[in-house]
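Quick notes on the structure that follows.
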Amino acid sequence: MQLRYNFRVYPEPGQRAALARAFGCARVVFNDGLRARQEARAAQLPYIKDADLQKRVITAAKRTAERAWLGEVSSVVLVQSLRDLHTAYRNFFSSHAGKRKGPKVAPPRLKSKRDNKQSIRLTANGFSLRDNGKLYVAKVGDLRVRWSRQLPAVPTSVTITKSAANRYWASFVVDTDPEFLPELDTETGVDLGLGHFAVLADGTKVDSPRFLRRAEKKLKKMQKTLSRKVKGSNNRAKARARVARQHARVADRRRDWLHKLSTDLIRDNQAVYVENLAVKGLVRTRLAKSVHDAGWSQFVAMLEYKAVKHGRHFGKIGRFEPTSQVCSACGIKDGPKPLSVREWTCQACRTVHDRDVNAARNIMAAGRADRPNASWSAGKTGSVPAQRVEAGSPQKGQTTQAGPRPSGRGAHRAALSTASSGTWRRAHASYCEPSA
């Protein structure tokens, strides 16, 4: 598997100028290649092949007076920048042809020198690691790296990045083998929220640190100072950098906390299940700042790759599962409830549920039922605690069973179909104990 390791880099003033030239040349080559293909399309000419485009915007451009300065940087940087353009076009074509999953990918667009993030990428023939711990980059020099840990193998590529906070980073891509942890018998479901960041199936509640909210007062003062600076002045540039550094500190604290929590969950559980939340929809509501501050997507991505790395199972259940409406003890669907209701009593078995803990238990049960290697009885016994289709609202004054109960001629066939879609009450009864 491929892993990426990120380290802080401290270039000297001369090396910063060399990196700035590399950033600019990579951006120019990317824009020249994109502009050439756009002009060919406007003139109804054939699509320019990758090899022909490289000869045109790199090899031939270096011989002209307008682009002679491209020779001041490593050719590896220019070639990799053009490969990024090829990848962007292939992703765009695959997305519109239906070969790529997820939302539609937009066509590539021109890069700006005013972008907050500048980066270059080099393959193995453009960099090397010195014995003294420094990173050599072609036509830049030896960069001082702050090694927080050792690389598990020789890196295949490195990406040098300059952030909006004027910080430089070296990101190494390493081919390494998974580090499997000893197998465990414990599994858990994770219900993500805003009041509590995560609630586990065993009842554990993890408070949300709210790093952005805690830094809002200081950020407000810094933003006010920035707004009073004259546009284009050096003082405004300094104030902008101070704001960017403060935002970077908030992001660093959040990332460090998410790494620690995700590592603990992966180490302590053989399987972890979460709900596939519609984060893109939630950030368009009045809760946008809190959702961004929580970092759900980043946390789920960490769980996913760490599960692969350590030999654990990670699963997502559908976002339309009625995890807050179904009793985790008896499987009865008790109907939707407003967010103000944090505890409720099941009308069938009279079990008192904590809303979030009950949802976490239903997430774990639904995740186990969806596992491709689940046993035959794990999905074909009992009634469904969470439906496998979009959740519906019951009629007023009625309690609905989660899952159809057909009767008559096709009852047996429909029952088997319902069971195969995820009925597991008996299978999950041992670890979804009702709350007292």
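Number 159 in my numbering belongs to position 114 of the sequence shown; there are no gaps in the numbering. The C-beta atom is built at its ideal place from N, Cα and C for all residues, glycine as well. If you're wondering where the values come from, they're calculated on a predicted model, not measured in any experiment.
Annotation for Arg290: the continuous alpha helix (DSSP H) segment containing it runs Asn279 to Asp313. According to DSSP, residue pairing for Ile205 in a beta bridge involves Ile165 and Ala215. Taking a contact to require three or more Cβ pairs closer than 8 Å, the region 96-108 and the region 138-156 do not qualify as touching. Cβ atoms of Val317 and Phe359 come within 8 Å of each other, at about 5 Å. Nearest neighbour of Val182 by Cα position, chosen from Gln163, Ser202 and Ala352, turns out to be Ser202. Straight-line measurement puts the Cα of Gly340 at about 29 Å from the Cα of Phe68.
A straight line joining the alpha-carbon of His131 with that of Leu123 spans about 13 Å.
The beta carbon of Arg49 lies closer than 8 Å to those of Ser216, Phe217, Val218 and Val219 in the same chain, with the five residues before and after it left out.
Within the same chain, Val219, Asp220 and Thr221 come within 7 Å of Ala198 by CB-CB distance, once the 5 residues on both sides are set aside.
In chain order, Asp220, Thr221, Asp222, Pro223, Val353 and Lys354 place their CB closer than 8 Å to the CB of Met46, counting only its own chain and leaving out the 5 sequence neighbours on each side.
Within 10 angstroms of the beta-carbon of Ser157 lie fewer than 16 other beta-carbons, which makes it exposed. Burial state of Thr233 is buried, judged by a 10 Å Cβ sphere holding 16 or more other Cβ atoms. Ala71 counts as buried, since at least 16 other C-beta atoms from the protein chains shown sit within 10 angstroms of its C-beta.
In this structure, Ile311 lies near Leu348, with their beta-carbon atoms less than 8 Å apart.
Taken through DSSP and simplified to helix, strand or coil, Ile377 comes out as strand. In this structure the region 396-403 lies against the region 231-246, because at least three pairs of beta carbons, one per stretch, are closer than 8 Å. Cα atoms of Arg101 and Gly147: separation of roughly 34 Å, rounded to the nearest angstrom. Taking a 10 Å sphere around the C-beta of Ala374, we find 16 or more other C-beta atoms and assign the residue as buried. Looking at the DSSP output, Asp399 sits in a beta bridge with Glu388. C-alpha of Gly363 to C-alpha of Val54: approximately 41 Å in a straight line. Leu90 sits exposed, since fewer than 16 C-beta atoms from the chains shown fall within 10 Å of its C-beta.
By the Cβ-count criterion, Val397 is exposed, with fewer than 16 other Cβ atoms from all chains shown falling within 10 Å of its own Cβ.
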